[in-house]
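Under my numbering, the first residue of the sequence shown carries the number 295, and numbering increases by one thereafter. Cβ atoms here follow ideal geometry from the backbone N, Cα and C, with glycine treated the same way. A quick note: this is a predicted structure, and the numbers were derived from the prediction, not measured. Here is the structure we will look at.
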Amino acid sequence: MGIPTLDDLAVDGTTVGIRVDINSPLSESGGLADDARLRAHVDTLNELLDRGGRVAILAHQGRPGGDEFARLEDHADRLAELLDHPIEYCDATFSADARAAVNLLDDGEAVLLENTRFYSEEYMEFPADEAAETFLVERLAPELDAFVNDAFAAAHRSQPSMIGFPVRVDSYAGRVMERELDVLSNIEDTPRPRVYALGGAKIADALEVAESVLSRDLADTILTSGMTGNAFLAASGVDIGEPSREAIVDRDATAIDQAADLLEEHGEKIRVPEDVAVSRDGEREVVDVADLPVDAPALDVGEATIAAYADTFETAGTAILNGPPGVFEQEAFAVGTREIFGAATRAEYSIVGGGDTAASLRSLGIDGFDHVSTGGGAALRLLTGGTLPAVEVLKTE
Ligand code: ADP
Ligand code: MG
Numbered sequence: 295m296g297i298p299t300l301d302d303l304a305v306d307g308t309t310v311g312i313r314v315d316i317n318s319p320l321s322e323s324g325g326l327a328d329d330a331r332l333r334a335h336v337d338t339l340n341e342l343l344d345r346g347g348r349v350a351i352l353a354h355q356g357r358p359g360g361d362e363f364a365r366l367e368d369h370a371d372r373l374a375e376l377l378d379h380p381i382e383y384c385d386a387t388f389s390a391d392a393r394a395a396v397n398l399l400d401d402g403e404a405v406l407l408e409n410t411r412f413y414s415e416e417y418m419e420f421p422a423d424e425a426a427e428t429f430l431v432e433r434l435a436p437e438l439d440a441f442v443n444d445a446f447a448a449a450h451r452s453q454p455s456m457i458g459f460p461v462r463v464d465s466y467a468g469r470v471m472e473r474e475l476d477v478l479s480n481i482e483d484t485p486r487p488r489v490y491a492l493g494g495a496k497i498a499d500a501l502e503v504a505e506s507v508l509s510r511d512l513a514d515t516i517l518t519s520g521m522t523g524n525a526f527l528a529a530s531g532v533d534i535g536e537p538s539r540e541a542i543v544d545r546d547a548t549a550i551d552q553a554a555d556l557l558e559e560h561g562e563k564i565r566v567p568e569d570v571a572v573s574r575d576g577e578r579e580v581v582d583v584a585d586l587p588v589d590a591p592a593l594d595v596g597e598a599t600i601a602a603y604a605d606t607f608e609t610a611g612t613a614i615l616n617g618p619p620g621v622f623e624q625e626a627f628a629v630g631t632r633e634i635f636g637a638a639t640r641a642e643y644s645i646v647g648g649g650d651t652a653a654s655l656r657s658l659g660i661d662g663f664d665h666v667s668t669g670g671g672a673a674l675r676l677l678t679g680g681t682l683p684a685v686e687v688l689k690t691e
């Protein structure tokens with residue numbers, strides 16, 4: 295696809311800048327609550343260091359004004375435990391101190407530079423040539439022999455650290471980026487029948503995926519669940535009850551109408567829940583669709599739906615999952631997520647996208663998928679046939 299990878303880079307003795315995405319949930323004391331994002335980049339970083347690179351790492355954490363906007367010192371400590379090589383932390387990103395830290399690196403050593411989002415330009419979106427003129431890129435690029443982008447999860451953003459360096463420095467996709475693009479850009483080559491399970495609470499995103507894959511004839515079946523499933527139920531003419539309806543309309547006033555349009559055009563490929571699990575004072579109560587409406591919110595799919603959807607995966611060539619089927623954070627409503635996602639691993643080939651979706655697999659201990667994407671928005675962009683600005687700038691022709 296015309297994107298150079300680490301196979302094309304003579305690493306030894308060169309100073310390599312690498313952008314990773316280690317933006318992580320923080321605990322109340324401010325430390326890392328989950329290090330999955332850090333572990334994802336370990337192979338790329340170890341490879342660069344094993345091959346004698348001098349590695350300057352760029353990353354962000356949180357957003358200005360948010361609770362999780364933080365320095366990267368804990369990230370550096372955790373990376374030091376995970377990597378086979380020494381790594382320092384520098385509390386500057388592109389100032390003289392930062393450039394000195396980069397210059398002091400020896401072969402096989404790394405430094406994690408400070409949160410890129412401490413600088414206002416990093417919170418803006420630019421065309422690549424303007425991104426190349428920001429202070430971050432202009433100051434840091436002259437210290438680098440090569441730039442590697444491994445931050446797939448941020449690849450839908452046109453921020454300076456994501457798209458500016460390739461204008462000035464030879465640039466490459468890291469191993470995470472390479473593998474994500476390999477899988478998610480080639481969905482049309484995966485085995486059929488291709489089953490999409492779309493759940494979760496971002497109904498607008500699920501609708502966009504459904505519309506895109508149905509209109510391109512990529513999907514054979516779409517199994518709807520979660521709040522997305524509730525919206526499709528309502529769109530099919532079922533009165534789902536005020537609490538569930540309100541939850542949908544609060545998020546997206548046009549979702550039910552859009553779902554109805556999709557049902558009209560592609561109804562034979564879209565499956566809606568047969569029963570739902572509503573919350574009665576926090577207790578799970580399964581209600582058949584024929585017995586709706588009820589005055590309690592539907593937080594999961596019911597056992598009949600679980601059995602029917604699980605059955606579909608038995609003969610699926612490919613399972614593509616985005617959005618958990620229920621409020622998996624509460625044990626009573628984690629049943630659908632545990633069972634449906636568990637069954638999806640039995641498809642010949644299985645792919646998972648989405649931040650909460652990946653978190654649900656970790657918290658429920660479900661594994662066995664062929665690919666679990668590190669990206670939410672970026673994965674969605676590829677699943678809907680779109681392009682990623684940070685990837686476009688890596689293309690050589
Ligand atoms: P992702 O981050 O993987 O793209 P979303 O953000 O769309 O997924 O959805 C994740 C959230 O959806 C979870 O926090 C889960 O609790 C919620 N969810 C799933 N089913 C329901 C439901 N029926 N009602 C309300 N929230 C739901
Ligand atoms: Mg989410």
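Assuming R372 and L326 are in contact, meaning their beta carbons sit under 8 angstroms apart, how far apart are those beta carbons, in whole angstroms? About 6 angstroms; that satisfies the 8 angstroms criterion.
On the DSSP bridge list, what partners appear for H665? DSSP output for H665 lists I645 as bridge partner(s).
Return the chain-ordered ranges of every alpha helix (DSSP H) run that is complete within the region 540–623 and spans a minimum of 4 residues. Correct list: 549–560, 597–608.
Please go through the same chain and pick out, in chain order, the residues whose beta-carbon is closer than 6 angstroms to the beta-carbon of A613, but skip the five residues on each side of it. In chain order, V489, F607, A638, A641, S644 place their CB closer than 6 angstroms to the CB of A613, counting only its own chain and leaving out the 5 sequence neighbours on each side.
Residues of its chain near V477, where Cβ-Cβ distance is below 7 angstroms and the 5 sequence neighbours each way are ignored: The residues are I645, H665.
Can you list, in chain order, the residues of its chain whose CB lies under 6 angstroms from that of Y603, leaving out five sequence neighbours each side? Contacts found: L517, I634.
Alpha carbon to alpha carbon, how far is A350 from E362? Whole-angstrom Cα-Cα distance: 23 angstroms.
Around the Cβ of T599, are there at least 16 other Cβ atoms within 10 angstroms (buried) or fewer (exposed)? Taking a 10 Å sphere around the C-beta of T599, we find 16 or more other C-beta atoms and assign the residue as buried.
Taking 6 angstroms as the cut-off, does the CB of V646 come closer than this to any heavy atom belonging to the ligand GDP? This structure simply doesn't include the ligand GDP; it includes the ligand ADP and the ligand MG instead.
Closer than 5 angstroms between the C-beta and any heavy atom of the ligand MG: which residues qualify, listed along the chain? Cβ atoms closer than 5 angstroms to the ligand MG belong to G649, D650.
Output needed for Y417: all residues of its chain with C-beta closer than 8 angstroms, excluding positions within five of it in sequence on either side, in chain order. Excluding sequence neighbours, Y417 sits near R357, P358, R411, Q453.
Taking 6 angstroms as the cut-off, is the beta-carbon of G494 closer than that to any non-hydrogen atom of the ligand ADP? Checking every heavy atom of the ligand ADP against the Cβ of G494, one is found closer than 6 angstroms.
For A592 versus S538, is the C-beta distance shorter than 7 angstroms? Going by C-beta atoms, A592 is nearer than 7 angstroms to S538.
Whole-angstrom distance between G647 and V247, CA atom to CA atom: Past the boundaries of the shown model lies residue 247; the chain is included only from 295 to 691, so the question cannot be answered.
Taking 8 angstroms as the threshold, find out whether the region 418–427 comes into contact with the region 436–445 through three or more Cβ pairs. The region 418–427 is not in contact with the region 436–445.
Out of curiosity, what's the CA-to-CA distance linking R331 and L376? Using only the alpha carbons, I get a separation of about 12 angstroms.
Helix, strand or coil: how does DSSP classify A350 here? Correct three-state label for A350: strand.
For S479, which of F446, S509, G458, M456 has the nearest alpha-carbon? Nearest of F446, S509, G458, M456 to S479, Cα basis: F446.
Short Cβ contact (7 angstroms threshold) for I564 with L557: Closer than 7 angstroms, so yes.
In this structure, does DSSP put T639 in helix, strand or coil? In this structure, T639 counts as coil in the three-state DSSP scheme.
Would you check whether the ligand ADP has a heavy atom nearer than 6 angstroms to the C-beta of V621? The nearest non-hydrogen atom of the ligand ADP is less than 6 angstroms from the C-beta of V621.
Between the region 527–538 and the region 493–504, do at least 3 Cβ pairs fall closer than 8 angstroms? Verdict: no, contact absent.
Just verifying my parser: in three-state terms, what is the DSSP assignment at S318? In this structure, S318 counts as coil in the three-state DSSP scheme.
Residue range of the unbroken alpha helix (DSSP H) whose run includes A425: For A425, the uninterrupted alpha helix (DSSP H) segment begins and ends at 422–425.
How many Å lie between I481 and G669 at the Cα? One C-alpha to the other measures close to 16 angstroms.
Per DSSP, what are the beta-bridge partners of I312 in this structure? DSSP, once it has assigned bridges, lists I351, V442 as partnering I312.
Which residues bound the alpha helix (DSSP H) around I481? According to the DSSP assignment, I481 belongs to no alpha helix (DSSP H), since it is labelled neither H nor E.
Identify whether R345 lies in helix, strand or coil by the three-state DSSP scheme. In this structure, R345 counts as coil in the three-state DSSP scheme.
Identified DSSP bridge partners for L492: T518, N616.
I want to check one thing, is the minimum distance from the CB of P587 to the heavy atoms of the ligand ADP below 6 angstroms? In terms of side-chain proximity, the C-beta atom of P587 is found no nearer than 6 angstroms to any non-hydrogen atom of the ligand ADP.
Note down, in chain order, each residue of its chain lying with its Cβ closer than 8 angstroms to the Cβ of R333, except the 5 sequence neighbours on either side. Answer for R333: L376, listed in chain order.
Check this for me: beta carbons of I542 and T522, under 7 angstroms apart or not? Taking 7 angstroms as the cut-off, the beta carbon of I542 is found no closer than this to the beta carbon of T522.
With 16 other CB atoms within 10 Å as the buried threshold, where does A394 fall? Classification of A394: exposed, given that the 10 Å Cβ count is below 16.
Opposite A404 in the DSSP bridges: which residues? Answer is V349, I381.
Can you tell me where the beta strand (DSSP E) holding D464 begins and where it ends? 464–467 is the extent of the beta strand (DSSP E) around D464.
Could you give the DSSP three-state label for T678: helix, strand or coil? Coil, per DSSP.
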